[in-house]
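Let me begin by presenting the structure, written as structure tokens, before commenting on it.
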């Protein structure tokens, strides 16, 4: 039977989602470890998004094929009993045999949280990046508007790839909350470190180092060095994976 | 000049609010340390609530007398620069010379967060207490109603005192949120560990170990052993201190 897992994690102490050799702690590795114990044999899971080291998730999705007599709720309880407290399985649901968490995803939502007044966000400090310099939010919004739509985002990708780097960005929402500027990105797919580079670039626009008008030039260049810095992993959270 | 500080903290790694001798880390001790450095001489602050070891605060209030040329915003920036990241000074405001954070407080709001589905609250796990057994919330609400008003809360106090143990509880709100049962207490003052004992008692009602009708008996007894267990510190947060 194929199961769909929805997963939360505090990524602080992990080397990211993807299993690595040796004892490097990863989210995928931890979950596979517990599932393999449940199944009595090695089990592999497929995650929808390979979040980087230090990135968090509220709604990561994975699928796993399991031969078990346990009900989905029992599988969930087993996982939550044996997983560390910084990983939580929100739900386990039977899925169609053809369901693949990554290949069937039609989009993802990420949010990047900047703590403009970190002293007001002590409890959430591990999920935000402090940024106390002034930011020109209207300029950032103008730049964000120029990023929307289908583009080759090679300039916003930390890795050269032979595969297509064309993606569609459907929404970039900037919310000014008390002591926080929250950037929410919705798109059909994101390249390696793309959200962090988009955020670093928008912050450079907000702080006057780049003009919004440079966005088309950066896109056109298709070279990483044209875009802004990579914002730290700690402020990034995979909020939701979208399916049709 | 007398200043009023509003303070947030993650109490996890502290032995509570109140300064202790030696190197035991306390919130008051940390803040006094930084203020003493600013003032160039020992400074004492008065906190409105002496939260226990492991208890958190979103709106603790303290006052401090300081001789300084710095503006309130500069004092705040100085404090937030030198304080550890689990303590945040939300605001510093000039106060009347007679203002005393504890003596002038007319009430406090605390909340106690029970994680009924801890896997849904991975990010907030340090500010909640897991409770996955079923709870009869209507019975808890009935018991909560019997606690409202002015009573001698000696049974809900972890320490014998010669001072009056009469307090007025104005509100106990129970909110069923996704994966959480949140108890919010508003009253004119709280005895030592009172919120945690109230919570432990209400949870015992919710799990059928006590009947709501026992509340008047517990109050009448004026003995700690009649009430329920002391709920763990980790789930408790001082939300707000009320002034007229």
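Residue numbers (the numbering used here), protein chains in the order written: chain A, -8 to 235; chain B, -8 to 235. All C-beta atoms, glycine included, are put in the ideal place defined by N, C-alpha and C.
Proximity winner among B:202, B:74 and B:63, relative to residue 127 of chain B (alpha-carbon distances): B:202
Simplified DSSP state of residue 228 of chain A, which is helix, strand or coil: strand
Segments assigned beta strand (DSSP E), at least 3 residues, entirely inside the region 121 to 182 of chain A: 140 to 143, 157 to 168 and 171 to 178
Whole-Å CB distance - residue -1 of chain A paired with residue 79 of chain A, under 8 Å assumed: 4 Å
Where the beta strand (DSSP E) containing residue -4 of chain A begins and where it ends: -7 to 0
Those residues which DSSP pairs with residue 105 of chain A across a bridge: A:120 and A:172
Alpha-carbon to alpha-carbon, residue 64 of chain B and residue 295 of chain B: Past the boundaries of the shown model lies residue 295 of chain B; chain B is included only from -8 to 235, so the question cannot be answered.
Simplified DSSP state of residue 9 of chain A, which is helix, strand or coil: coil
Option in A:125, A:9 and A:52 with minimal Cα separation from residue 105 of chain A: A:125
Any chain C beta carbon closer than 8 Å to residue -1 of chain B: Chain labels in this structure do not include chain C; the protein chains are A and B.
Run of the alpha helix (DSSP H) containing residue 198 of chain B, from where it starts to where it stops: That residue, residue 198 of chain B, is in no alpha helix (DSSP H); it is neither H nor E in DSSP.
Within-8 Å CB hit, residue 114 of chain B to chain A: yes
Contacts around residue 66 of chain A, its chain only, beta-carbon distance under 6 Å, and the 5 residues preceding and following it disregarded: 83
Contact list for residue 76 of chain A against chain B, beta-carbon separation under 8 Å: 109, 113 and 116
Neighbour-count burial assignment, residue 208 of chain B, 16 or more Cβ in a 10 Å radius: exposed
Nearest candidate by alpha-carbon position, reference residue 81 of chain A, set B:169, B:55, B:96 and B:227: B:169
Neighbourhood of residue 15 of chain B by C-beta distance below 7 Å, restricted to the same chain and skipping five residues each side: 6
Which listed residue (A:72, A:89, A:135 and A:218) has its alpha carbon closest to that of residue 109 of chain B: A:72
Nearest to residue 119 of chain B (by Cα), restricted to the options B:176, B:143, B:225 and B:174: B:225
Same chain only: Cβ atoms within 8 Å of residue 41 of chain A, ignoring 5 sequence neighbours per side: 7, 8 and 9
Proximal residues of chain B, C-beta to C-beta of residue 36 of chain A below 9 Å: Here the premise fails: no neighbours, minimum Cβ distance about 16 Å.
Supposed close pair residue 58 of chain B, residue 96 of chain B - CB separation, criterion 8 Å: Between residue 96 of chain B and residue 58 of chain B the Cβ distance is about 25 Å, and since that is not below 8 Å, they are no contact.
Coil, strand or helix - residue 236 of chain B by DSSP: A question about residue 236 of chain B goes unanswered here, because the residues of chain B that appear run from -8 up to 235.
Outcome for residue 123 of chain A when other beta-carbon atoms lying within 10 angstroms are tallied against a minimum of 16: exposed
Per-residue burial, residue 194 of chain A [other beta carbons within 10 Å of its own, 16 or more giving buried]: buried
Spatially closest choice to residue 56 of chain A from A:147, A:-5 and A:227, by CA coordinates: A:-5
Where residue 21 of chain A falls, given that 16 or more other Cβ within 10 Å makes a residue buried: buried
Residue 81 of chain A - containing beta strand (DSSP E), residue span: 78 to 86
Neighbourhood of residue 137 of chain B by C-beta distance below 7 Å, restricted to the same chain and skipping five residues each side: 203, 206 and 207
Three-state secondary structure (DSSP) of residue 113 of chain B: coil
Classification of residue 4 of chain A by the beta-carbon crowding that lies within 10 angstroms, buried from 16 upward: exposed
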